[in-house]
Amino acid sequence: MRISVRPAKRDGMSKRIFESELTSEDLDGENGKEVIISVTAGPIYRKARYEDRSQYRYDIVLSAKEVAAIAGAVNCPATRQEQ
Numbered sequence: 001m002r003i004s005v006r007p008a009k010r011d012g013m014s015k016r017i018f019e020s021e022l023t024s025e026d027l028d029g030e031n032g033k034e035v036i037i038s039v040t041a042g043p044i045y046r047k048a049r050y051e052d053r054s055q056y057r058y059d060i061v062l063s064a065k066e067v068a069a070i071a072g073a074v075n076c077p078a079t080r081q082e083q
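Heads up: the sequence shown begins at 1 in the UniProt record's numbering, then just goes up one per residue.
Following this line, the structure appears as structure tokens:
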């Protein structure tokens with residue numbers, strides 16, 4: 001999985017803050033109603049004066065419907081052509 005950020009209201013460079021395969025430790029779906037993806041990634045902004053090695057916990061919460069929509073998107077024609 002990759003997570004990139006960039007300005008929303010103006011042109012700007014994209015910055016990748018996370019790139020790694022998800023593991024079972026990153027996922028929590030025990031309640032059966034939603035899946036929580038929790039990853040540790042770098043900061044969105046870096047301080048110019050010094051090297052910032054800060055790490056942040058990012059949580060993405062998806063409902064069962066959203067997980068189903070993602071699973072359905074994998075089977076869409078555009079995705080099949082890339083594989």
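The beta carbon of each residue, even a glycine, is placed where N, CA and C say it ideally should be. Every value quoted in this text rests on a predicted model; they were computed, and no experiment measured them.
Check: Contact check, Val5 vs Val35, beta carbons under 8 angstroms; Outcome: no
Check: C-alpha distance - Ile44 paired with Ala69, whole-angstrom precision; Outcome: 28 angstroms
Check: Residues near Gly29 in its chain [Cβ-Cβ closer than 7 angstroms; skip 5 each side]; Outcome: Val35
Check: In DSSP terms, what Lys15 is bridged to; Outcome: Val5
Check: Spatially closest choice to Arg2 from Leu22, Ala64, Gly12, Asp11, by CA coordinates; Outcome: Leu22
Check: Top-ranked residue by Cα proximity to Thr40, from Pro7, Val61, Phe18, Val74; Outcome: Phe18
Check: Reduced DSSP secondary structure (H/G/I, E/B, other) of Ser63; Outcome: strand
Check: Proximity to Lys15 [Cα-Cα], best of Gly42, Val74, Arg57, Asp59; Outcome: Gly42
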